[in-house]
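*Asks:* Numbering (full-length UniProt numbering), first residue to last: 1 to 125.
Where is the CB? At the ideal position from N, CA and C, for every residue including glycine.
Bear in mind that the values here come from a model prediction, so they are computed numbers and not experimental data.
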Amino acid sequence: MTGRSLGEVTIAPLKMCAVRGRPKSGRVWKSVKQQRYNSIKQDKGLRKKYKERRATEDEVRRVRELDKRIREARAARKQEKRLREEDRRQKKLENEKRSEIVVPIKNPAKIKRLKKSQLKTVVKR
1 MTGRSLGEVT IAPLKMCAVR GRPKSGRVWK SVKQQRYNSI KQDKGLRKKY
51 KERRATEDEV RRVRELDKRI REARAARKQE KRLREEDRRQ KKLENEKRSE
101 IVVPIKNPAK IKRLKKSQLK TVVKR
């Protein structure tokens, strides 16, 4: 041993290490890595029993199936609503056409004499 002994107390020699200055990035709160991350030993954790794993998998499968059914039901409701609105729009157009009062213009020269607001109502069919 290279340390000196003073009676019963032994003094170990101090390790000489290079003094690190302030980091270039300015992040003084960051600590210096002592070892690589992959050299740290990690345990695999507790392994669940087969029945417990199977139960959790079944539960997850059930939840996903329920979620899928809810999404499909929502999509079906949206589709039905869209179809109803389209039917309503079609019926409205048919009713408007049926309720129109059509007056055929026999004299085409009459169109030239019409006012601007009346010209907007003229439709060629």
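(1) Whole angstroms are fine: how far does the CA of Arg61 sit from the CA of Lys49?
(2) Over what stretch of residues does the alpha helix (DSSP H) that includes Lys118 continue unbroken?
(3) From Arg77 to Glu85, what does the alpha carbon distance come to, in whole angstroms?
(4) Please state whether the Cβ-Cβ distance between residue 126 and Ile105 is less than 9 Å.
(5) What separation, rounded to the nearest whole angstrom, lies between the Cα atoms of Ser117 and Arg69?
(6) Would a C-beta distance cut-off of 9 Å place Arg22 and Val32 closer than the cut-off?
(7) For Gln35, name the three-state secondary structure that DSSP assigns.
(8) What are the start and end residues of the alpha helix (DSSP H) that includes Asn95?
*Replies:* Result, derived from the coordinates:
(1) Here residue 49 refers to the residue found at position 49 when the sequence shown is read from its first residue. Here residue 61 refers to the residue found at position 61 when the sequence shown is read from its first residue. If I take the Cα positions, the gap works out to 18 Å.
(2) Translated into the one-based positions of the sequence shown, residue 118 becomes position 118. It should be noted that the sequence gives Gln, not Lys, for residue 118. Note, Gln118: alpha helix (DSSP H), Lys116 to Thr121.
(3) Along the sequence shown, read from residue 1 onward, the residue named residue 77 stands at position 77. Along the sequence shown, read from residue 1 onward, the residue named residue 85 stands at position 85. The straight-line gap from Cα to Cα measures roughly 12 Å.
(4) Outside the displayed span of the chain (1 to 125) sits residue 126, for which this structure offers no information.
(5) Residue 117 sits at position 117 when you count from the first residue of the sequence shown. Residue 69 sits at position 69 when you count from the first residue of the sequence shown. Near 55 Å, if we compare the C-alpha coordinates of Arg69 and Ser117.
(6) For the purposes of this step, residue 22 is taken as residue 22 along the sequence shown, with counting starting at 1. For the purposes of this step, residue 32 is taken as residue 32 along the sequence shown, with counting starting at 1. No, the pair does not count as a contact, with Cβ atoms beyond the cut-off.
(7) Translated into positions along the sequence shown, residue 35 becomes position 35. It is coil, neither helix nor strand.
(8) Residue 95 sits at position 95 when you count from the first residue of the sequence shown. Where Asn95 is concerned, the enclosing alpha helix (DSSP H) stretches over Tyr50 to Ser99.
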